[in-house]
Amino acid sequence: MAKETQWFGYGSRILITTQDQRLLSAHGISHIYKLNLPAMDEALQIFCLYAFGQKFPHDGFKKLAMEFTQFAGELPLGLRVMGSYLRGMSLGEWEDALPRLRTSLDGEIGEIERTLRFSYDALSDKDKALFLHIACLFHGFRADHVKQWLANSGLDVNHGLEVLTRKSLITSNVGFLGMHSLLQQLGVDIVRKESIREPGKRQFLVDVDDIADVITDNAGTGTILGIMLNISKIEDALVVEESVFDGITNLQFLIFHHCLRDKLNFPLGLNCLPRKLRLLHWDYCPLRVWPSTFSTKFLVELIMRGSKFEKLWEGIQSLKNLKRIDLSDARSLKDIPDLSNATNLESLLLSFCTSLLEIPSSVGNCTSLKTLDLSCTSLVNLPSSICNATSLEKLRCRSLKVFPPVPEGIEELDLSDTLIEQVPPWIENLSQLRHLAMFRCWKLDNVSLSRISKMVGVSCMQITRGDKDTSRYVEVNIRWFSDFLNQWTLFDQKKKKKKKKKKKNQWTLQTDMLQICLPETVYISPLSLFFIRNDFKTIPDYIKQLPQLKQLSLYECPSLVSLPQPPDSLSSLDAENCVSLETIDGSFHNPDIRLNFLNCVKLNHEARELIQASVCKHALLPAGEVSGHFIHRATGGSITIHLKERHLPMFLKFKACLLMIDDEGDVDEEDDDYDEEVIVYGDYDTYPHSDHYKKQDTMRLSCRVDGKQNGVTTRYGSSVHILPTPRAFTDHIYVFEASFSLDQCSNPEGESELVFDFKVHDYFWVIKECGLQLLELPHVHEHD
C-alpha cells in the first residue's frame, strides 16, 4: 500500500508485522525485531483476562488454567481463543474440554486452526510434506540428523527448512528443530483427517490408541511412512503377531521410546522389518532373535539401547548410508555384524554391552568413524585395524589389557577401568589430544606418567590412583585445564573408602603424581592449583617454588594445620572450611590478593592479626574483634571521621574492617542508589568448585561514602559486595580496600567530615563493629 518511505513525514515510525521475514528483506527493511512469546506468568494473566475477566484464576481453577496456558504454548492467539471459549463454563466442563482440545483444534476453537492453516496452505507440496514430518515425528531432533534421514527423499530438505524457518513455522535453537505446540497439533490434525476411521491409511501414526489398533489388528498399509510411539503410555501389554510389519512396506521411520517396561510382546518374534527403514529407534527391544528378513540399504541410524538380542543381521550388508549405531546397555549382545561397508559410519556406541567379547577387525574400514565407545567389561582386546579409522576423535574403553596404537588425530581418549600397567608410549604422538581420562587404572605405574607432561596440547587430564585392597582404598583424581589465558589449573581431589590403617606414604603418592603430571610449561605460565578435600597437614614444598602461581585453593582440607610463606605472585588464596588451620608462616605482599579463610575457626591470634594488617584486596576470616591496626573504630555499621580545617579531598582511598555477627532479625532493605558497583568477593564464581557457592549461600553487603561540609552532603560513591555466608554462625571479619572520587568540587573553607555507612542485607547477620584506615589522606583530627 505504501511503496516509498518518502511518502511519510520526517521522524515517522512505521510498524509492519509479518510471519515471513523475506517480505521485509525484499522491501529493504533492515530493522527487524523478532517478537518473543510472553513468559509463562504473563501468558497466564492474558489467558485469565479472557477466561475470568481478571488477571488471576477463580478458586479451584488454577491448575487447569495453567494446563490450558501451557497447551496454548503462550501463543496470544491461542490464549485469547481458548480463554474466550471457556469463559463461564463450570469446572467439570473445563476438565472435559482439555483432552478433547488436545486431540483436535477444529470444532469449538476452529479459529485457531483456520488462522494457523493459512500459513500451511501457502506452502509448496514439498514444504507441506516436510512440515508434517517435523510436526508428527521430528520436533526436538537435531536438524543435521533430520537432513540425513530425509536425504534423497525428494523433499529438498535444506531449502524446505529455510522456508519453514523464514515463515516462522519452525525454529532452530542450538541446532535442534522446534515447533510451537499448536502448530504441532495442526500437523497431527491434518494427517488424522487423511483417514479418520482407518488410521492404518495415514502417513504418520503418533496417537497411542491408533497405533495399538493398527499393530494388534495388522491393519498397517503401504501409506504409513513413520510411527512414533511412547510405549510408557500403553496401559495394557499388547500381543503382536510376527507379521505386523509385513504390510507396512514403505515405513521409513520407526521410533519406539520410553520402553522401560515390556508393553509389547512378540511371542513368535518378527518375520521382517520394513526394507525402506531409514531410522530405527527401539529402546529395550524385547526381541531375542533378529528378524530373518532385513535390509540395511536405506538405514541411516540404528538406536536399540538396552535390547535383548544376541546378534544383529548375518553376513555382509550394504551400509553406505549408515551414520550412527547405538547399542548401549544391550547386555546380551555377543557379536557385532561385519562393518566392512560402513564407510560413512560416524558413531558406534557399545557401552555396558557386558557379553561382548570382541570387535570385528572390519571396524578399521569405518574411515568416517568419529566416536567409538567400547565401555564393555568383557572386552579385553582391541583390533589393530583401529589405527585405520583415521577420522576417530573420541575413544572410550574399559577393561582392556592390550592397547594397540590409535589414530594420531584423536582428540578425546578415555582409558578408565583398563588393566594397562603403563601409559602407552604412542600417546606422546597424539598431537590433537585435548582430553585424557584414566580413572581407576589400578595397575598403572606412576613412573610412566612422565610421558603425559610432554603432551602440551592436552587441556584436560583425569587420573585415579590408589591401592585397591580390603584395608585401604584411596582415590586421587587429578585434572588440569588450560583456558584461553594460558592459565593452568590442576585438581587433586581425594576420597576415602574403607580406611582402617593410615600409611605414612599417603601424601607421597599424590605428590609424585602432581609433580610428574605437571607440564613443563607451568613454570613459565600462570598457574592455578586446586586441592579439594585433601587431608594433608601442610602443602608440599614444590608448590612454594612455582614462580607463576596465581591461584591456590585448599577448599575443605580438614587436616591442614599451617600455611608457609606464599609466593608474591599469588593473587588468590582460598582456604575455606580448613577447620584445623592454626598458623600462617609469613605475610602477604601482593596488594591485589584475595584471601578467603571462611570457617577457619582455629586460626590463632597472630594469624588473624596478620591477615587484617596485610595489604590485600579482600579478606574474609573468623574473628571476634576489629584489629587495633584500624585506628578509626565505631560500634555498628556507621563511622564518621572529622577532617581538621580542610576541605573534602577529591579522591579518597580507604581500608575497611567489618565485624559481622550472627543476630537473627529484620533484613535491611537495599537503597536504590547502592548500585554503582557490584563486587563479587574473591572471584569465587570462576572457581571450578563453585557449585558450593549457591545464591542462597551468599549475602550482600553495601558500602556508601558521603562527604559533608557546611551542612551540604556530597556523594563519593557506593558499592555492593557479594560474600559467601559463614556456615558455622561464628563471628567473621571482612576486610577490603576501596576508592571513590568526589562528584563535584568542595568548598575550600570550613570544616568537613566523611561518613561511611555499611550494611549487611541478610536475615541472620549484622555488623557489630567497624574499623577504618584512611590511605593517602593526612591530617585526620578525630573519630566517633
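Residues 1329 to 2112 (the working numbering) make up the sequence shown, in order.
By construction, the Cβ of each residue, glycine as well, lies at the ideal position given by its N, Cα and C atoms.
What you are looking at is a predicted structure, and each value in this text was computed from that prediction instead of being measured.
| query | result |
| --- | --- |
| Contact between the region 1544-1556 and the region 1578-1588 (3+ Cβ pairs under 8 Å) | yes |
| Contact the region 1458-1466 vs the region 1416-1427: 3+ CB pairs below 8 Å | no |
| Simplified DSSP assignment, three categories, for R1589 | coil |
| Rounded separation between S1358 and L1615 - CA only | 57 Å |
| Range covered by the alpha helix (DSSP H) that runs through H1359 | No alpha helix (DSSP H) contains H1359, which DSSP labels as neither H nor E. |
| Distance, Y1612 Cα to P1733 Cα | 34 Å |
| Of the residues N2038, R1861, H1957, the one placed nearest E1934, counting alpha carbons only | H1957 |
| Nearest-angstrom Cα separation, counted from L1938 out to G2039 | 40 Å |
| Cβ-Cβ distance between H2079 and L1971 below 8 Å | Per the sequence shown, the amino acid found at residue 2079 is Glu instead of His. The answer is yes: Cβ separation under 8 Å. |
| Residue from Q1476, I1912, P1404 with nearest C-alpha to H1508 | P1404 |
| Residue closest to I1969, alpha-carbon to alpha-carbon, out of D2085, L1720, G1914 | D2085 |
| Euclidean distance between Cα positions of S1908 and V1889 | 5 Å |
| Nonlocal neighbours in the same chain, by C-beta distance under 8 Å from L1460, ignoring five residues either side | G1515, I1518, V1519, Q1531, F1532 |
| Buried or exposed by the 16-neighbour rule on C-beta atoms within 10 Å, applied to H1386 | exposed |
| In chain order, each alpha helix (DSSP H) run of at least 4 residues that lies wholly inside the region 1370-1454 | 1390-1399, 1404-1414, 1419-1431, 1438-1449 |
| Complete runs of the beta strand (DSSP E) confined to the region 1926-1978 [at least 3 residues] | 1946-1950, 1960-1963, 1966-1971 |
| Cβ-based burial, D1472 [other Cβ within 10 Å; buried from 16] | exposed |
| Secondary structure of D2090, DSSP reduced to three states | coil |
| Beta-carbon spacing of S1727, L1697 below 8 Å | no |
| Backbone CA spacing between K1591 and S1635 [nearest angstrom] | 14 Å |
| Neighbourhood of A1951 by C-beta, 6 Å cutoff - its chain only, sequence neighbours within 5 removed | R1936, I2061 |
| Pairwise C-alpha distance: E1749 and V1802 | Any reading at V1802 needs caution, since the residue's pLDDT is 43, under 50, leaving its predicted position unreliable; the model's value is listed next. The alpha-carbon atoms of V1802 and E1749 are separated by roughly 18 Å. |
| Where N1862 sits in the DSSP three-state scheme | coil |
| Inter-residue spacing [alpha-carbon to alpha-carbon] between K1945 and L1923 | 8 Å |
| Status (buried if at least 16 other CB within 10 Å, exposed otherwise) for Q1382 | exposed |
| Pair within 8 Å by beta-carbon distance, E1910 and K1930 | yes |
| Under the three-state DSSP convention, the category Y1870 falls into | helix |
| Selection from S1713, S1432, S1571, N1486 that minimises the alpha carbon distance to I1524 | S1432 |
| Residue interval of the beta strand (DSSP E) (run including V2048) | 2040-2052 |
| C1657 - containing beta strand (DSSP E), residue span | The question names Cys, yet the displayed sequence has Asp at residue 1657. First-last for D1657: undefined, no H or E at that position. |
| Boundaries of the alpha helix (DSSP H) in which V1491 is found, first to last residue | 1485-1494 |
| Start-end ranges of the alpha helix (DSSP H) lying completely within the region 1868-1912, minimum 4 residues | 1869-1872 |
| Per-residue DSSP class, three states only, for T1621 | strand |
| DSSP beta-bridge partners of S1723 | Going by the sequence as given, residue 1723 is Leu instead of Ser. Paired residues: L1700, L1741. |
| Where Q2037 sits in the DSSP three-state scheme | strand |
| Alpha-carbon to alpha-carbon, N1364 and S1340 | 25 Å |
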